[in-house]
Amino acid sequence: MRLRRIDLPAFGCLSDFGAELSPGLNLFVGENEAGKSTLQAAISALLYGFFENERALRAENERYERFRPWTGSVYRGTLEYELSNGDRYEVRRDFAADVATQLIDVATGLDVASKFGRGRHGNVPFARKQFGMSRGVFQSCAFVSQGEIFDVTQGASPSQIGDAVAALADSAGRDVSAARAIKSLKSVESRIGSDAARTAELPRARQHLTRAQAELAAGEEARAQAARTARELEERRVLVRQLQDERARTEALALRTQIATLRSRLDAVAAETDEAERAESEAEALSTGAGFPASLRDEMLALKGRWSQLLNGIERLRGDRDGATAAISDNERLEYETLREGVGTLTDEQVRALETVAFEPTARGVTAAIGDALRAIVRWIAGRVRRILRQEDPPTAEAAPAVSAEEARALLDRHRRFLSLRPRSELAGRLTTEVAGQEAALETIEGQLRNLMAAAGISEANVDEGLRAFEAAAQDHVRHQSALARAAEARHRCDATLAGRTIEETETRLADCERALSDLLAKRPELADIETDRSLEQLAKERDRLRDELQEAQLEEGRLEQKVDLVLEQHRPASELEEEAARWRREVERLEKARAAVALARSQIEEAMVQVYRDFAPAVNTFLSEGIEKVTEGRYSRAHVDPASLRVSLLLPETGEVITDPPVSHGTRTMVYVLMRVGLAQHMSAIGEPVPLVLDDPFVDLDSRRLPRMMDYLLTLSERMQVLFFTKEASIVRWFEEHASGPEHRVHGLAETRLSRASL
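The following block contains the structure:
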């Protein structure tokens, strides 16, 4: 098989990479980080994929993630190759998703992947079937890396190099070989042991089986003793379950009763709260009467009574006054006033004097003095009357005129007229005076009323309206106080109903009870419809009694359980012992079978290894001797590979002896390992599909003399097999330009990748 073309739109650090591969030597040149190792991994991944198992292994996932495109674009590539029979194929893989792999027959253009079956992750095992090699065998034959050479040759002797190649030859891996497998199988045989051994696994397993069987028998006797206690324990458990059922029933009834009580309380509280809020709303509406000075109400009522009484009295007096005033005319009133000024002041004595003058002018027995005085009085009165009637000014000092009898009688007539008018006039005057006095008193009281109304915030000008406003404000105050009292009483009833708790606490308690009942009914749905007429206190007492009995029963149950445990504490459960005995019985059988299988496997591997080495050693012998002689210019003319172990021996020119593990340089060890790996590839290609040789800068330890000869040898080798050589060395590029200029050889440049994946 040879590779013809590879295209990588995106793979690891490579993007938009493509290369036509020549059938001979292909030299890939690039600095570090240019993608040389990535390109080698891409060849392997395109042929074999990343995943070989139904379930992706951790190492496979890590390798898949390692070569995910740095640019984050598509994750795919194509590889065209040609088999030794001339058939050409192009494999197309998309690694970004679980997309089926395509295998195109170049001659027909058809996808023939289905002929090889399909696995997970789009994998098609065409390479394994076409090349006759697994991924591991292919990589062991075709790929030789600088790191691998360093690991194998660093401090290793030629014989140890032979061991490494032998491991690749018989198992396709340097870490695993048939010899190591045989050694491991012998170690397993020793670990399992023979019948005569005492400390090996098989004898120990038989001892464990014997002890388990003895412990099982001893446990049977102890379990019989514990069975009687277990029966008593079961009876106690039945009682515990009964008490638990009764307690759960009582608890459910208590919760229901408590829920009903709490709901009733909350309903009552809601009603009382509504009543309190209504009363408070009423009080708020009457808030204008809140500040009414109720202390003034009694004084206001007293003044109002007096005011009303005075008002009514004034009305009556006014009526009487108006009646009395109407009973005397204006002329009579004027006449009365005139008479009152004239004769109204006459005393009884003066009246008698006038009567004497008028009716007894010559009365005898009256002394002269009395007569003179009487006459003087009469004259004065008469004069005054005349002045009043005439409206004259009082006379100056003049002699009083003499009063005649007629004048005296006239005065008496006027006096009598005065006396007749006086009752009606005086009544009218008296009533007028009383009215004025009462009105003054009324005005005083009204002033006091206005002062009280002002103190109450009433500014009505009319007293009657002010009194009505005062009374209305007083009533509002009374209703306001009544509303506040009703609200306080309702709040008090709420507090009494809540029994010292808040509404929120009661609601929380109700919710807790409802939740507890719901949880209880979820566990015991049979208690959903039970009812009782017992009180909460009775149920609480019953619940406490059942709790005490249950605790006592559970304590007894625990005591019996402890008694059973004490009986069996030195004996494991029978099931465990039976399981352990069965396990050791199976272990004995397994070890006996394993011992037989290991012996058979060791024998078969030894036979197969001898056969593989017998076939491989002669071919490698010839190739190694030829190559080492050419590269070393005859210093080492012969190399020998032991067919039993593939260990290498060299003919030393200094002694002429063939020596195993000769003291050679690191460069010579590198050369020996590479030549043996090439020989391995040729041998595997001879028995199957030839594979290309992929070398990753393996000659960094060769000196300037041996390196060109080694490259010359590879150039000769490329006539028989395709070689892909990866390097960064300018000396190898110069050698290629001088010695490999033919069309069957090609150099490919790889640009340095400037961005690291971490930076992306």
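Numbering (my numbering), first residue to last: 120 to 879.
Glycine included, C-beta positions come from ideal geometry on N, C-alpha and C.
Residue i classed as buried or exposed, judged by whether at least 16 other C-beta atoms fall within 10 angstroms
i, result
"F478", "exposed"
"R440", "buried"
"G131", "buried"
"P142", "buried"
"P692", "exposed"
"E688", "exposed"
"R416", "buried"
"E661", "buried"
"R347", "exposed"
"I649", "exposed"
"T627", "exposed"
"S744", "buried"
"R533", "buried"
"V810", "buried"
"G746", "buried"
"V243", "buried"
"G484", "Residue confidence for G484 is low, a pLDDT of 43 falling below 50, so the modelled location carries little weight; the figure read from the coordinates is stated next. By the 10 Å Cβ count, G484 comes out exposed."
"G196", "buried"
7 Å Cβ shell around residue i - same chain, five flanking residues per side excluded
i, result
"A635", "L374"
"E546", "According to the sequence shown, residue 546 is Leu rather than Glu. Same-chain partners within the cutoff: A443."
"A877", "With a pLDDT of 38 at A877, under the threshold of 50, the modelled position of this residue cannot be trusted; read the value that follows with caution. Answer for A877: no residue qualifies."
"I489", "Note that I489 scores a pLDDT of 46, beneath 50, so its modelled location is shaky; the value from the coordinates is reported in the next line. Contacts found: none."
"M829", "V750, M790, F818, L821"
"A446", "R543"
"L655", "A373, T376, Q377, T380"
"F589", "M419, M572, A575, I577"
Nearest neighbour of residue i, chosen from the options [CA to CA]
i, options, result
"E608", "E399, E139, Q258, F844", "E399"
"K552", "Y200, L679, L436", "Note that residue 552 corresponds to Thr in the displayed sequence, not to Lys. With distances taken between Cα atoms, T552 lies closest to L436."
"D224", "N242, P244, G236, Y200", "Y200"
"L422", "T464, R549, G432, L571", "L571"
"I433", "T835, E676, E339, E558", "E558"
"M840", "L202, A175, E152, S134", "L202"
"S194", "G168, A178, A153, A555", "Checking the sequence, you will find Tyr at residue 194 rather than Ser. Selected option, being the one with the closest Cα: G168."
"D364", "L669, K248, R121", "L669"
"F136", "R121, L198, L826", "L198"
"E699", "A215, A331, E848", "A331"
"E353", "W426, F742, V683", "V683"
"R853", "A602, F147, R123", "F147"
"A164", "E173, F257, L144", "F257"
"A602", "A395, A758, Y183, Q361", "A395"
Own chain partners of residue i with C-beta closer than 8 Å, once the 5 adjacent residues on each side are dropped
i, result
"L646", "A367, R368, A371, L639, L640"
"S860", "none"
Residue i (DSSP reduced to helix, strand or coil)
i, result
"D648", "coil"
"E857", "helix"
"R342", "helix"
"V243", "coil"
"S850", "helix"
"E209", "strand"
"Q279", "In this prediction, Q279 has a pLDDT of 49, which is less than 50 and means its spatial position is unreliable; what the coordinates show is noted afterwards. The answer is helix: DSSP assigns Q279 an H, G or I state."
"P817", "coil"
"H867", "strand"
"Y880", "Within the shown structure, residues of the chain are numbered from 120 to 879, placing residue 880 beyond reach of any answer."
"Q221", "strand"
"N172", "coil"
"F262", "strand"
"G137", "strand"
"T621", "coil"
"R824", "coil"
"R124", "strand"
Cβ shell of residue i (< 6 Å), same chain only, five flanking positions each side left out
i, result
"T80", "An answer regarding residue 80 cannot be provided, because it is not within the stretch 120 to 879 covered by the chain."
"A593", "R416"
"L742", "With the sequence shown as reference, residue 742 is identified as Phe, and Leu is not the correct amino acid for it. Hits under 6 Å: G798."
"L133", "L127, G154, T157"
"D815", "S264, Q265, F845"
"A246", "L166, Y167"
query = Can at least three beta-carbon pairs, one atom from the stretch 200-212 and one from the stretch 182-192, be found at a separation below 8 Å?
reply = With a cut-off of 8 Å, the stretch 182-192 and the stretch 200-212 do not count as touching, because too few Cβ pairs lie within range.
Next on the checklist: Check whether the stretch 786-798 and the stretch 820-830 touch, using three or more Cβ-Cβ pairs below 8 Å as the test.
Outcome noted: yes
| task | Inspect the CB distances between the stretch 381-395 and the stretch 581-588 and report whether three or more fall short of 8 Å. | result | No, the stretch 381-395 does not touch the stretch 581-588.
Okay, do the stretch 252-268 and the stretch 792-812 touch, 3+ Cβ pairs below 8 Å being the bar? At 8 Å Cβ cutoff, the stretches touch.
- Query: Just checking, does the stretch 703-716 make contact with the stretch 318-336 on the three C-beta pairs under 8 Å criterion?
  - Reply: Under the three-pair Cβ rule at 8 Å, the stretch 703-716 counts as touching the stretch 318-336.
So, does the stretch 613-621 touch the stretch 453-465, judging by three or more C-beta pairs under 8 Å? Touching, no.
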